[in-house]
Structure formats: structure tokens, C-alpha cells
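Report on one structure; see the data block that follows.
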Amino acid sequence: MKMAEEKNMEEAETEVKLRCGVYGEGSVFSVEIQSNADVEVLQEKIFAKKRYSERYKFDASELTLYLAQKKGETTWQADDDNLDALLQGDVDKKYMKMRPSWKLNKKELFGPSFTPGDEEIHV
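Heads up, the sequence shown is in our numbering, so the first residue is 3 and it goes up one at a time.
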């Protein structure tokens, strides 16, 4: 029983670096977050990092996040020349909207054993 508790503690304390792209801006940046955090926490971290409160009049909860992996696919959006055009366009409906109440380690999002790779976008 004690080993199971320790394993759960380790999983709870795992921090991951997620790369995020911003529609309309074309910018890419990273955010470090606990792998078991709610999407709501990711919204708040992105909102703070991008200093949206200084530039716009909306709350972090109004920030819409999309998983940068097309529905039904297993590869992440590459951070390459095609990304610039994608981020300058309209929101692609092939990407799943992330609900604030969901956990990042939810199977449909990043899963329990997510490891970020190089040159890929996650949100």
C-alpha cells in the first residue's frame, strides 16, 4: 500500500513543459505545469505569462485552449514553417477544445505518461 501511495505522489508532482501557439498572434512559448493540473490552471498560467490582463479586458477563464493534436491522430502539431500560417488563420475545428474542468493527464488530452518532444506544439 505504501508503494502505491508513493507512486501516486510522484505522478502528482511531475511537472511538464508544454509549448503553446497563439492563434492570431503566431507566437509560440512554453509553460511549465503539473501534469495532473486542471486545464483551468493552464489557462491562468498562459494568461499570466502572456500578460493578457495588461493588454485586454477579459478574464483567464475566457481564454479558449485547443489540444494541438488533430482529433483521432497521435502526432502533435510540428513547430515548423506550416505553423506560422496555421496560427495566422482561423481556429481549425480539427483540434479539440480543452474544457477547464478536465485534468491535463486525462487520456483524451495528454494522458498519464505524457513526455513532451522537441519541435512540437501541445496547446
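By construction, the Cβ of each residue, glycine as well, lies at the ideal position given by its N, Cα and C atoms.
If you're wondering where the values come from, they're calculated on a predicted model, not measured in any experiment.
Asked	Found
Segment contact flag, the region 31 to 50 with the region 99 to 109, C-beta cutoff 8 Å, min 3 pairs	yes
Residue range of the alpha helix (DSSP H) that includes ARG57	54 to 57
Beta-carbon proximity list for GLN90, same chain, < 7 Å, skipping 5 on both sides	GLY28
Exposure label - GLY26; buried when at least 16 CB within 10 Å	exposed
Option in TYR58, LYS59, GLN79 with minimal Cα separation from TYR68	GLN79
For ALA62 and TYR97, believed in contact at Cβ under 8 Å, the rounded distance	Not really, about 20 Å apart at Cβ, beyond 8 Å.
Nearest to ASP82 (by Cα), restricted to the options GLN36, ILE123, GLU34, VAL18	ILE123
Opposing strand residues paired with TYR68 [DSSP bridges]	LYS99
Under the three-state DSSP convention, the category ASP83 falls into	helix
Distance, GLU64 Cα to LEU94 Cα	Reading the sequence as shown, one finds Asp at residue 94 and not Leu. Distance between the alpha carbons of ASP94 and GLU64 is about 18 Å.
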